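>
Numbering (the numbering used here), first residue to last: 1 to 467.
(1) Please report the straight-line C-alpha distance between residue 283 and residue 219, rounded to a whole angstrom.
(2) Less than 6 Å between C-beta atoms, sequence neighbours within five positions excluded: which residues of the same chain meet that for residue 169?
(3) For residue 479, collect the residues of the same chain with a Cβ closer than 7 Å to its Cβ; drop the 5 residues on either side in sequence, then sort them by chain order.
(4) Which residue from 48, 139, 106, 43 puts its Cα closest to that of residue 55?
(5) State the CB to CB distance for the pair residue 340 and residue 322, rounded to an integer number of angstroms; the pair is presumed to be in contact (CB under 8 Å).
(6) Any contact between the region 275-290 and the region 202-218? By contact I mean 3 or more CB pairs, one from each, below 8 Å.
(7) Return the chain-ordered list of same chain residues with a C-beta closer than 7 Å to the C-beta of residue 360, the five sequence neighbours on each side being excluded.
(8) Fully enclosed by the region 157-233, which alpha helix (DSSP H) runs are 4 residues long or longer?
(9) Tell me which same chain residues have a C-beta within less than 8 Å of the C-beta of residue 449, skipping the five on either side of it?
(10) Report yes if the CB atom of residue 358 is closer than 9 Å to the CB atom of residue 387, and no otherwise.
(11) Give every residue of the same chain whose Cβ lies closer than 6 Å to the Cβ of residue 317, excluding the five residues on either side of it in the sequence, and list them in chain order.
(12) Taking just the CA atoms, how far does residue 375 sit from residue 458?
(13) Buried or exposed for residue 504, going by 16 or more other Cβ atoms inside 10 Å?
(14) Enumerated in chain order, which unbroken segments of the alpha helix (DSSP H) with a length of 4 residues or greater are wholly contained in the region 65-148?
(15) Can you list the alpha helix (DSSP H) stretches of 4 or more residues lying completely in the region 294-348, in chain order?
(16) Once DSSP output is grouped into helix, strand and coil, what is the label at residue 290?
(17) Sorry if obvious, but does the Cβ on residue 52 come closer than 8 Å to a heavy atom of the ligand MG?
(18) Look at residue 160 and residue 152 and say whether their C-beta atoms are less than 9 Å apart.
(19) Please report the residue range of the alpha helix (DSSP H) in which residue 406 lies.
(20) Let me check understanding here. Comparing Cα to Cα, which of 337, 351, 333 lies closest to residue 314?
(21) Quick one: grab the DSSP three-state call for residue 436.
(22) Tell me whether the beta-carbon of residue 435 lies closer than 9 Å to the beta-carbon of residue 378.
(23) Determine the burial state of residue 290: buried for a count of at least 16 other Cβ atoms within 10 Å of its Cβ, exposed for fewer.
(24) Classify residue 261 as buried or exposed, calling it buried when 16 or more other Cβ atoms lie within 10 Å of its own Cβ.
(25) With distance defined between alpha-carbon atoms, name the residue in 177, 72, 46 nearest to residue 264.
(26) Tell me, to the nearest whole angstrom, how far the beta carbon of residue 367 is from that of residue 327; I am working on the premise that it is less than 8 Å.
(27) Report all residues from its chain with a CB closer than 7 Å to the CB of residue 332; omit the five preceding and five following residues, and keep chain order.
(28) Looking at the structure shown, is residue 380 part of a helix, part of a strand, or coil, going by DSSP?
(29) Classify residue 452: buried if its beta carbon has 16 or more other beta carbons within 10 angstroms, exposed otherwise.
(30) Can you tell me whether residue 232 is buried or exposed? The criterion is at least 16 other CB atoms within 10 Å of its CB, across all chains shown.
(31) Leaving out five residues on either side along the sequence, give the residues of the same chain with a beta carbon under 8 Å from the beta carbon of residue 278.
(32) From 149, 124, 155, 104, pick the residue whose C-alpha is nearest to that of residue 139; which is it?
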């Protein structure tokens, strides 16, 4: 979690173009603190900061002063990066008390709490920091903000998730990638409709790039006021917007030529089942990946390309690709390695190799347990669903019942995983009941409405094809 250290380092440097907040060094008047001020500044300015040096300085600052708050802020970032959540929380809470008007401890705390299982507190602190200093909030790490919004969604707090996304858009946060720009616009529209600001919502329709985001509005009667504008802008079947969005993704990738921009483009092509195109465009990129030399973002693109290869009956190449990316990742990068674990599971499920699905699921879940709350709940629940399905398919009834119960416990906020288990078992009655229940809940209505939409290939819904 390098983001945590990077955020904490905002205390150590003056960021060009950012209105500066009160400096803890300038606020230090106590003679005893001033005696260690240079040592504290040196410890804080380390790239990266050394925890032992920070601890040594902290021992010389026993009083509740701004200087101690500065040191604790940076310590919290270092501890969070080492996945030492308990001490990180203690350090950042003290920093918040000692520097109540400084947005930087709040930004560090947002990162700490996002991955410590408290995304709502993280969101509230980030929102407060964004009001105190939009400039500093604009420097927030992209991965952190995606994780925060994702974890809020995982626990069913769509309102907070939308507020964060809308605020990011409002302060001019440049996420860079087309899917995130579209998600931010969608969040602004939902916020506007909640606040009965229909005119603002209608005006924002054109900022949504992803046709799937437009579909979320187009199938939900709460947004009926937007339908004429959506039809005018994107076409009744959203085909015009689909083409524009694909062009937007392609332009972003050809300009940057990196894994980060390739991933959303490949993901959208996969929605259109353009698997040969995915392989032709993106498989050559992995020539850049070498053992011990990880490429940022390769672990996100590799599963998409591997799935495309497997769909084209090139399963051996798919597994070789995943192995190559795994070999490039440092041993301590176990969080990103989960993406490769999950990709192996997907390949096993595509061939209905249920014993291998069980092995892959157990590997994923074992690694996830070592990471605790650093792993988002939706990923874990999805893998638990595959495990439950494999247990049913291998006639392990008792174990399957327990595994299914774990997944169903989360169906109110993560219904997709529960639906996968019901479909795997052929339990259409439970699947229908789940859909009806989720349609009545604002937090999951979007998922349910998407689920019952016709598919372009057969013009029938997934559930209808099972009946």
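Glycine is no exception: its CB is placed at the ideal position from the N, C-alpha and C atoms.
A quick note: this is a predicted structure, and the numbers were derived from the prediction, not measured.
Reading off the structure:
(1) For the purposes of this step, residue 283 is identified with residue 283 of the chain shown, where counting begins at 1. For the purposes of this step, residue 219 is identified with residue 219 of the chain shown, where counting begins at 1. Each residue's Cα considered, the two are about 36 Å apart.
(2) By 1-based counting over the chain shown, the position of residue 169 is 169. Within the same chain, 184, 188 come within 6 Å of residue 169 by CB-CB distance, once the 5 residues on both sides are set aside.
(3) Absent from the structure is residue 479, since the part of the chain shown begins at 1 and ends at 467.
(4) For the purposes of this step, residue 55 is identified with residue 55 of the chain shown, where counting begins at 1. Nearest C-alpha to residue 55: 43.
(5) Locating residue 340 in the chain shown gives position 340, where the first residue counts as 1. Locating residue 322 in the chain shown gives position 322, where the first residue counts as 1. At roughly 5 Å, the Cβ-Cβ gap stays under 8 Å, so residue 340 and residue 322 are in contact.
(6) By the Cβ rule, the region 275-290 does not count as touching the region 202-218, because fewer than three pairs are nearer than 8 Å.
(7) Position 360 of the chain shown, counted from the first residue, corresponds to residue 360. Cβ within range, chain order: 341, 344, 345, 348.
(8) When DSSP assignments are scanned along the region 157-233, the uninterrupted stretches of alpha helix (DSSP H) that are 4 or more residues long and fall wholly within it turn out to be 158-170, 178-194, 198-204, 211-218.
(9) Here the question's residue 449 lines up with position 449 in the chain shown. The answer, listed in chain order, is 216, 219, 220, 439.
(10) Counted from its first residue, the chain shown places residue 358 at position 358. Counted from its first residue, the chain shown places residue 387 at position 387. Contact check for residue 358 against residue 387 passes: the beta carbons are separated by less than 9 Å.
(11) Along the chain shown, read from residue 1 onward, the residue named residue 317 stands at position 317. Here residue 317 has 309 as same chain residues with Cβ atoms under 6 Å from its own Cβ, once five neighbours each way along the sequence are excluded.
(12) Reading the chain shown from its first residue, position 458 is the one you call residue 458. Reading the chain shown from its first residue, position 375 is the one you call residue 375. Annotation note: pLDDT 47 at residue 458 (below 50); position unreliable, no value reported.
(13) Nothing about residue 504 can be reported from this structure: the residues present for the chain run from 1 to 467 only.
(14) For the region 65-148, whole alpha helix (DSSP H) runs of length 4 or above, ordered along the chain, are 66-81, 85-98, 103-114, 119-132, 134-137.
(15) For the region 294-348, whole alpha helix (DSSP H) runs of length 4 or above, ordered along the chain, are 298-311, 315-328.
(16) Position 290 of the chain shown holds residue 290. Of the three classes helix, strand and coil, the one that applies to residue 290 here is strand, per DSSP.
(17) As for the ligand MG, it is missing from this structure, which has no ligand bound.
(18) Here residue 160 refers to the residue found at position 160 when the chain shown is read from its first residue. Here residue 152 refers to the residue found at position 152 when the chain shown is read from its first residue. One thing to note: residue 160 has its Cβ within 9 Å of the Cβ of residue 152.
(19) To locate residue 406, count along the chain shown from 1; it is residue 406. Residues 397-408.
(20) Within the chain shown, residue 314 is the residue found at index 314, counting from 1. Comparing Cα-Cα distances from residue 314 to each of 337, 351, 333, the minimum goes to 351.
(21) Position 436 of the chain shown holds residue 436. DSSP, read as helix, strand or coil, puts residue 436 in helix.
(22) Position 435 of the chain shown, counting from 1, holds the residue named residue 435. Position 378 of the chain shown, counting from 1, holds the residue named residue 378. No, they are not a contact pair.
(23) Looking up residue 290 in the chain shown gives position 290. Around the Cβ of residue 290, a 10 Å sphere holds fewer than 16 other Cβ atoms; the residue is exposed.
(24) Within the chain shown, the letter at position 261 stands for residue 261. Residue 261 comes out buried.
(25) Along the chain shown, read from residue 1 onward, the residue named residue 264 stands at position 264. Comparing Cα-Cα distances from residue 264 to each of 177, 72, 46, the minimum goes to 177.
(26) Translated into positions along the chain shown, residue 367 becomes position 367. Translated into positions along the chain shown, residue 327 becomes position 327. Contact flag wrong, Cβ pair sits at about 16 Å.
(27) The count along the chain shown starts at 1 and reaches residue 332 at position 332. Nothing meets the Cβ criterion.
(28) In the chain shown, residue 380 corresponds to position 380, counting from 1. Helix, per DSSP.
(29) As a working note, residue 452 is residue 452 in the chain shown. Result: exposed.
(30) One-based indexing of the chain shown puts residue 232 at position 232. Classification of residue 232: exposed, given that the 10 Å Cβ count is below 16.
(31) Walking along the chain shown from the start, residue 278 turns up at place 278. Counting only Cβ-Cβ distances below 8 Å, and skipping sequence neighbours, we find 266, 269, 270, 304, 305, 308.
(32) Counting from 1 along the chain shown, the entry for residue 139 is found at position 139. Measuring C-alpha to C-alpha distances from residue 139 to each of 149, 124, 155, 104 identifies 104 as the nearest.
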